[in-house]
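Residue numbers (full-length UniProt numbering): 1 to 223.
Quick reminder that beta carbons are idealized off the backbone N, C-alpha and C, glycines included.
Predicted model, so just to flag it, every value in this text is computed and none were measured.
Report on the following structure.
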Amino acid sequence: MMRTAYHEKLAALTTNLSQICRMTGAAIESATQALLRADLSRAEQVITDHDRIVELCDQSQHDAFDMLALQQPVAGDLRSIFAAIQVTADVDRMGALAVHIAKIARRRHPDCAVPAEVRGCFAEMGTVAVQMSNTASEVLLSFDPDDASHLRDEDDVMDDLHRQLFSLVLDHDEWSHGVQKAVDVVLLGRFYERFADHAVEVGRRVVFEATGKLPAQQDIATY
């Protein structure tokens with residue numbers, strides 16, 4: 001009976017983390033729209049809504065530590081709890097990165113923070129980020145290492161977009177928007193890239209939980 005209750009709690013924790021992943025996807029989608037449209041109200045909403053993500057992450061971490069302290073988990077269950085604690089940290093950072101994007105959009109309002117020639121790239125990065133958060137959410141529920149390989153593929157797309165963005169900024173003959181815009185674009189690109197990296201980390205935690213092996217980030221597609 002006690003083990004059944006324990007596994008029910010663990011399943012509930014995993015479901016909660018999956019839902020938080022979805023919330024971070026919605027956050028970065030809204031942050032991207034705020035960025036591209038210089039939409040102040042949308043940027044403010046992302047920042048305000050982040051409090052709920054923080055609250056849910058804090059509760060998930062508390063629940064995981066409670067199970068660790070009170071349930072005396074065996075090896076496989078111990079892996080699951082440690083993975084949940086690490087996933088909580090990753091999704092918390094994903095939400096925070098969406099807020100960073102929204103804050104740049106807010107800071108530059110009423111101007112658009114990004115010049116017209118890079119908006120298409122940021123729109124694509126936003127789309128990939130949402131896809132990755134949704135994939136991470138699904139991987140947490142499916143508990144399938146093979147599904148985690150999709151995150152690696154999506155991250156490769158994000159890396160390609162990030163490189164394209166850098167090449168546009170570093171082309172001194174074409175860039176005519178000054179240092180401040182260049183700094184904003186570089187920072188924003190980094191925020192999207194880090195969001196994707198944390199989504200990949202969620203997949204790595206699932207592989208670890210399922211197999212007992214933590215793959216190198218570049219090796220996740222082999223599992």
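Sequence-distant partners of Gly189 (beyond 5 residues in either direction) whose C-beta falls short of 6 Å from its own C-beta, in its chain, are His162, Leu165.
Under a 10 Å Cβ-count criterion, Ser167 is classified as exposed, with fewer than 16 other Cβ atoms of the shown protein chains found around its own Cβ.
By the C-beta density criterion, Thr15 is exposed, having fewer than 16 other C-beta atoms within 10 angstroms. Linking Trp175 to Ala182 through their CA atoms gives a straight-line distance of about 8 Å.
Taking the Cα positions, Gln19 is about 45 Å away from Asp173. Leaving aside the five residues that flank Arg205 on each side, the residues in its chain whose CB is nearer than 7 Å to its CB run, in chain order, Ala83, Gln86, Val87.
Leaving aside the five residues that flank Arg22 on each side, the residues in its chain whose CB is nearer than 8 Å to its CB run, in chain order, Ser133, Asn134, Ser137.
The C-beta distance from Phe191 to Leu40 rounds to 19 Å, too long to meet the 8 Å contact threshold. The alpha carbon of Arg194 has as its nearest neighbour, out of Gly203, Asp155, Gly212, the alpha carbon of Asp155. Taking a cut-off of 8 Å for Cβ pairs, the region 30 to 37 and the region 116 to 132 touch, as three or more such pairs fall below it. In the three-state DSSP reduction, Pro110 falls in the coil class, being neither helix nor strand. Here DSSP, grouped into helix, strand and coil, assigns Ala102 to helix. Closest option to Arg152, judged by alpha-carbon separation, among Asp51, Asp197, Thr48, Thr127: Asp197. Each of His177, Asp144, Leu13, Leu141 was checked against the Cα of Leu68, and the nearest Cα belongs to Leu13.
Per DSSP, the continuous alpha helix (DSSP H) segment holding Pro145 begins and ends at 145 to 170. In this structure, Val185 and Val99 do not form a Cβ contact; the two beta carbons are roughly 18 Å apart against a cut-off of 8 Å.
Counting along the chain, the unbroken alpha helix (DSSP H) around Glu193 starts and ends at 178 to 211. Assignment of Glu44 by DSSP, reduced to helix, strand and coil, places it in the helix class. In the DSSP assignment, Ala123 falls within the unbroken alpha helix (DSSP H) covering 116 to 142.
DSSP places Asp58 within a helical segment (H, G or I) once states are collapsed to three. At the C-beta level, Ala38 and Ala102 stay beyond 7 Å of one another.
Within 10 angstroms of the beta-carbon of Val74 lie fewer than 16 other beta-carbons, which makes it exposed.
Contact between Val157 and Val128 is confirmed by a C-beta separation of about 5 Å, below the 8 Å threshold. By the Cβ-count criterion, Gly126 is buried, with 16 or more other Cβ atoms from all chains shown falling within 10 Å of its own Cβ.
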